[in-house]
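**Student:**
2 protein chains.
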Amino acid sequence: VNQLEKIVAPVKSELKTLEKRINSILRENVFNEKFTGTFLNKGKKLRPIFLFLLARALGYRENDIVDYGIIVELLHNASLVHDDIIDHSLKRRGESTFNALYGNNIAVLLGDLLFLFSNKLAVEKRKFEILDILVEKNENLLIGEIEEGLNAGNVSLTEDEYMKIIKNKTASLFELVGEIACLLTNKKENDCEAIKGMSSLIGLSFQIIDDILDYTSEVKKVGKPVMNDLREKTLTLPIIYAMKKSYDLKEKVEKFFSDVSNDTLLYEIRDGVVELGGLKYAKEKALEMMKQTRGRIDKIPPSVYKDSLLALVDFIVKRSF
Amino acid sequence: VNQLEKIVAPVKSELKTLEKRINSILRENVFNEKFTGTFLNKGKKLRPIFLFLLARALGYRENDIVDYGIIVELLHNASLVHDDIIDHSLKRRGESTFNALYGNNIAVLLGDLLFLFSNKLAVEKRKFEILDILVEKNENLLIGEIEEGLNAGNVSLTEDEYMKIIKNKTASLFELVGEIACLLTNKKENDCEAIKGMSSLIGLSFQIIDDILDYTSEVKKVGKPVMNDLREKTLTLPIIYAMKKSYDLKEKVEKFFSDVSNDTLLYEIRDGVVELGGLKYAKEKALEMMKQTRGRIDKIPPSVYKDSLLALVDFIVKRSF
Chain A
2 VNQLEKIVAP
12 VKSELKTLEK
22 RINSILRENV
32 FNEKFTGTFL
42 NKGKKLRPIF
52 LFLLARALGY
62 RENDIVDYGI
72 IVELLHNASL
82 VHDDIIDHSL
92 KRRGESTFNA
102 LYGNNIAVLL
112 GDLLFLFSNK
122 LAVEKRKFEI
132 LDILVEKNEN
142 LLIGEIEEGL
152 NAGNVSLTED
162 EYMKIIKNKT
172 ASLFELVGEI
182 ACLLTNKKEN
192 DCEAIKGMSS
202 LIGLSFQIID
212 DILDYTSEVK
222 KVGKPVMNDL
232 REKTLTLPII
242 YAMKKSYDLK
252 EKVEKFFSDV
262 SNDTLLYEIR
272 DGVVELGGLK
282 YAKEKALEMM
292 KQTRGRIDKI
302 PPSVYKDSLL
312 ALVDFIVKRS
322 F
Chain B
2 VNQLEKIVAP
12 VKSELKTLEK
22 RINSILRENV
32 FNEKFTGTFL
42 NKGKKLRPIF
52 LFLLARALGY
62 RENDIVDYGI
72 IVELLHNASL
82 VHDDIIDHSL
92 KRRGESTFNA
102 LYGNNIAVLL
112 GDLLFLFSNK
122 LAVEKRKFEI
132 LDILVEKNEN
142 LLIGEIEEGL
152 NAGNVSLTED
162 EYMKIIKNKT
172 ASLFELVGEI
182 ACLLTNKKEN
192 DCEAIKGMSS
202 LIGLSFQIID
212 DILDYTSEVK
222 KVGKPVMNDL
232 REKTLTLPII
242 YAMKKSYDLK
252 EKVEKFFSDV
262 SNDTLLYEIR
272 DGVVELGGLK
282 YAKEKALEMM
292 KQTRGRIDKI
302 PPSVYKDSLL
312 ALVDFIVKRS
322 F
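Chains as they are written, first to last, in the numbering used here: chain A, 2 to 322; chain B, 2 to 322.
1. So L238 (chain B) packs on D212 (chain B), CB below 8 angstroms; how close in whole Å?
2. In angstroms with no decimal places, state the Cα-to-Cα distance between L91 (chain A) and I72 (chain A).
3. Please classify Q208 (chain A) as buried or exposed, where buried requires at least 16 neighbouring CB atoms within 10 angstroms.
4. Beta-carbon of L41 (chain A) versus every beta-carbon of chain B: anything under 7 angstroms?
5. Thinking C-alpha only, which one of B:L151, B:A172 and B:L185 is nearest K138 (chain B)?
6. E140 (chain A) versus chain B: which residues are under 8 angstroms apart at the beta carbon?
7. Near Q4 (chain B), which residues of its chain fall below 7 angstroms by C-beta distance, leaving aside the five closest residues on each side in sequence?
8. Starting from A123 (chain A), trace the alpha helix (DSSP H) both ways and give me its first and last residue.
9. So, is G95 (chain A) buried or exposed, given that buried needs 16 or more other C-beta atoms within 10 angstroms?
10. Kindly identify the DSSP beta-bridge partner or partners of K92 (chain A).
11. Which residues of the stretch 8 to 38 of chain B have a Cβ closer than 7 angstroms to any Cβ of chain A? Give them in chain order.
12. Restricting to Cα atoms, I'd like to know which of A:S14, A:L115, A:R62 and A:I66 is closest to H83 (chain A).
13. I need the boundaries of the alpha helix (DSSP H) containing R232 (chain A), first residue and last residue.
14. Which residues, in chain order, does the stretch 72 to 86 of chain A contribute to contact with chain B at a C-beta distance below 7 angstroms?
15. Take L313 (chain A) as the anchor and find which of A:E20, A:F53, A:I26 and A:E125 has the nearest alpha-carbon.
16. Check the Cβ of E130 (chain B) against every Cβ in chain A and list those closer than 8 angstroms, keeping chain order.
17. Could you please give the first and the last residue of the uninterrupted alpha helix (DSSP H) stretch that includes E74 (chain A)?
18. Decide if P11 (chain A) is buried, meaning its Cβ has at least 16 other Cβ atoms within 10 Å, or exposed.
19. By the three-class DSSP mapping on this structure, what secondary structure does R370 (chain B) have?
20. Any beta carbon from chain B within less than 7 angstroms of N263 (chain A)'s own beta carbon?
21. Can you list, in chain order, the stretches of the alpha helix (DSSP H) that have 4 or more residues and sit fully within the stretch 170 to 198 of chain A?
22. Anything in chain B within Cβ reach of G278 (chain A), meaning under 9 angstroms, just list it in chain order.
23. Using the Cα positions of N120 (chain A) and V136 (chain B), report the straight-line distance between them to the nearest angstrom.
24. With distances taken Cα to Cα, identify the nearest neighbour of I181 (chain B) among B:E6, B:L59 and B:K17.
25. Throw me the rounded Cβ distance for the P277 (chain A) and S304 (chain A) pair, which I believe falls under 8 angstroms.
26. What separation, rounded to the nearest whole angstrom, lies between the Cα atoms of S75 (chain A) and L280 (chain B)?
27. Going by beta carbon distance, what residues of the same chain come within less than 7 angstroms of N78 (chain B), once the five residues before and after it are set aside?
28. Let me check understanding here. Comparing Cα to Cα, which of B:Q293, B:Y306 and B:M244 lies closest to N155 (chain B)?
29. For Y166 (chain A), decide whether its Cβ has a neighbour in chain B, counting only Cβ atoms nearer than 7 angstroms.
30. Nearest chain A C-beta to E149 (chain B) closer than 7 angstroms, yes or no?
31. Using a beta-carbon distance below 7 angstroms, is I317 (chain A) in contact with chain B?
32. Give me the chain B residues within the contact set of I209 (chain A), using Cβ-Cβ distance strictly less than 8 angstroms, ordered along the chain.
33. Is DSSP giving V275 (chain B) helix, strand or coil here?
34. Buried or exposed for T235 (chain A), going by 16 or more other Cβ atoms inside 10 Å?
35. Would you say E146 (chain B) faces chain A, with C-beta separation under 7 angstroms as the test?
36. Give me the chain A residues within the contact set of V136 (chain B), using Cβ-Cβ distance strictly less than 8 angstroms, ordered along the chain.
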């Protein structure tokens, strides 16, 4: 966390305002008692931080950048609420999930409401270009999640298919940040393409690292159960790579999917993924993306924001939570 | 259906276009195979029909009224998809629900996607006033559904609380129709208030009739299971009224809620509701609202659309499906 605090320093006041205002939105709502004490507003806020740093680095000086940060963070949180229903997750950021607290039924609707809060604020900005891009990226986000759901248990999922899924599922909100920063600073199309590409890469590497952490981390650190992806029959890069190298492992995974309560087999599979170099391969992919990302950020004029952007990219790949 | 066909006659071409275009939206989507053959686009389309008739009666002549009809109908369908997850419903309009077809997980996300399709088209209309009202009514819709969910099993729910819930849950989309018709025809504030009030009453009486039909109808006619509300512990007007008259009935309901598979008790409760005049009371409420509604429609200048509007209100209260 300490490292992240240093990165955030140049946009600390924006982040404080964002947190205060998200709390207000949750508190002033008719269902405020359902939102208080939940995981909402307790995340790392990587997407708004990325937005603040990027927009400032590109020269945007208005205070209303916070509004856009809230739009993105609320959208992200809404999708997490529905995600937790789908994954039957009971913990998130060390807190109980909405489905754990209120049951699936109410959780579906509270998630819908969070989507609406994001959209409401976006409509209030009175910028159709922003609404267009929000709709597009929200659609991609949903498509990615549906594709992931439809591919649950599909041991033949290829690396390309996985990349397509996470580009939609995760990179879309980072791309949204890139597009918002572009729109607000009226960048030329060429510059925009570079910024959007860079944002997308950050999102992809973020997700790959997340998928690695599911294999390597401890519950205490990530605030949610580990080895959860396989229990939900979600195939990610480390195991996709490892299964391609070992038919024996693939068979084990198929066997595990017929009884996901078999923890002995689960940890055997994990050891197999490590031995076959699945985690190493995924990490190298993420590092390669980080390198490309750094190259594109380097072209932005020097500023404290740019320095923090570079440090943020480092953090995303090196984080342990 | 025949009666409805006659009502629809003046806006038949709008309705045909709407159905064709909704089919295109569902077919051209990346998950088209998940949408085909489902209950989507198979409903009575009361909300778009109401919009077409009202807007035309108020003098709106543009073809793009169909766009607004699609926005409302898709929003309605999105909320039905999430509704069916919440109510564990397996049938809707005679077809399998999304949760029955694909499981709750995928159904949550396909519902999200339908919400998005509605919002996408709304953004394309490039009218902020429409987006404002859409956000407001969508929020009310969700609030009503959440309140209903939180009051499941609450045998102390009052008639006032029930009315507040259905005003949000159901009347909000009829109010949306009224507001859209107002905005498009640039009505003065006074006229608008009357139109909005009338739209709200139509929504309320529609829901009261729906709640009566849950007690009186047959599966074949409504295309979904009957006596479903009580099984989901949802208290509606007929039983709220009847329980106020009989403590004995209230105790029976409480007992039933502790084991909702007890069909003998369920049909005993239904008989009690009938004997205590619960259905009669609810029907009178709906008829009183219809009378008020007719009074307000009467002030609209004469036209075939106005005649159909009056017939539509009749149909809504007298329908058996």
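All residues carry an ideal CB built from backbone N, CA and C; glycine is no exception. Computed from a predicted structure; not experimentally measured.
**Tutor:** Taking the coordinates as given:
1. Confirmed, Cβ separation roughly 6 angstroms.
2. Cα-Cα distance, rounded: 25 angstroms.
3. So Q208 (chain A) counts as buried.
4. Taking 7 angstroms as the threshold, the shortest C-beta distance from L41 (chain A) to chain B does not fall below it.
5. The option with the nearest alpha carbon to K138 (chain B) is B:A172.
6. What E140 (chain A) touches in chain B: L114, L117 and K121.
7. Excluding residues within five positions, the ones whose Cβ falls inside 7 angstroms are F316.
8. Going by DSSP, A123 (chain A) is part of the alpha helix (DSSP H) stretching over F99 to E125.
9. Residue environment analysis places G95 (chain A) among the exposed positions, since fewer than 16 neighbouring C-beta atoms fall within 10 angstroms of its C-beta.
10. Among the bridge pairs identified by DSSP, K92 (chain A) is matched with A:S97.
11. Of all residues in the stretch 8 to 38 of chain B, V31 and F32 have a Cβ within less than 7 angstroms of some Cβ in chain A.
12. Selection A:S14, A:L115, A:R62 and A:I66 evaluated against H83 (chain A) yields A:L115 as nearest (Cα-Cα).
13. Note, R232 (chain A): alpha helix (DSSP H), N229 to R232.
14. The stretch 72 to 86 of chain A vs chain B, Cβ under 7 angstroms: H83 and I86.
15. Nearest Cα to L313 (chain A) within the set A:E20, A:F53, A:I26 and A:E125: A:F53.
16. Under the 8 angstroms cutoff, chain A gives no residues; its nearest Cβ is about 10 angstroms from E130 (chain B).
17. It spans I66 to I87 - the alpha helix (DSSP H) in which E74 (chain A) sits, taken as one unbroken run.
18. Residue burial annotation: P11 (chain A) is buried, with at least 16 other C-beta atoms found within 10 angstroms of its C-beta.
19. The structure shown has nothing for residue 370 (chain B), since chain B only spans 2 to 322.
20. So, not an interface residue.
21. Qualifying alpha helix (DSSP H) stretches, in chain order: 173 to 185.
22. Close partners of G278 (chain A) in chain B (Cβ separation under 9 angstroms) are lacking, with about 32 angstroms as the shortest Cβ gap.
23. Rounded to the nearest angstrom, the two C-alpha atoms are 8 angstroms apart.
24. Ranking B:E6, B:L59 and B:K17 by Cα distance to I181 (chain B) puts B:L59 first.
25. What sits at residue 277 (chain A) in the sequence shown is Leu, not Pro. Approximately 43 angstroms separates the beta-carbon atoms of L277 (chain A) and S304 (chain A); this is outside 8 angstroms, ruling out the contact.
26. The sequence as given places Leu at residue 75 (chain A); Ser does not occur at that position. Cα atoms of L75 (chain A) and L280 (chain B): separation of roughly 43 angstroms, rounded to the nearest angstrom.
27. Result list for N78 (chain B): L41 and L115, in chain order.
28. Distance from the Cα of N155 (chain B) is smallest, within the candidate group B:Q293, B:Y306 and B:M244, for B:M244.
29. Note that residue 166 (chain A) is Ile in the sequence shown here, rather than Tyr. I166 (chain A) is outside the set of residues whose beta carbon lies under 7 angstroms from a beta carbon in chain B.
30. Answer no: the Cβ-Cβ gap between E149 (chain B) and chain A never drops below 7 angstroms.
31. Using a Cβ-Cβ cut-off of 7 angstroms, I317 (chain A) does not count as an interface residue toward chain B, since no Cβ of chain B sits closer than that to its own.
32. In chain B, no part has a C-beta under 8 angstroms from the C-beta of I209 (chain A); the shortest such distance is about 22 angstroms.
33. Helix, per DSSP.
34. Around the C-beta of T235 (chain A), 16 or more other C-beta atoms lie within 10 Å, and the residue is accordingly described as buried.
35. For E146 (chain B), the answer is yes, since a Cβ of chain A falls inside 7 angstroms of its Cβ.
36. Correct list: L117, N120, K121 and V124.
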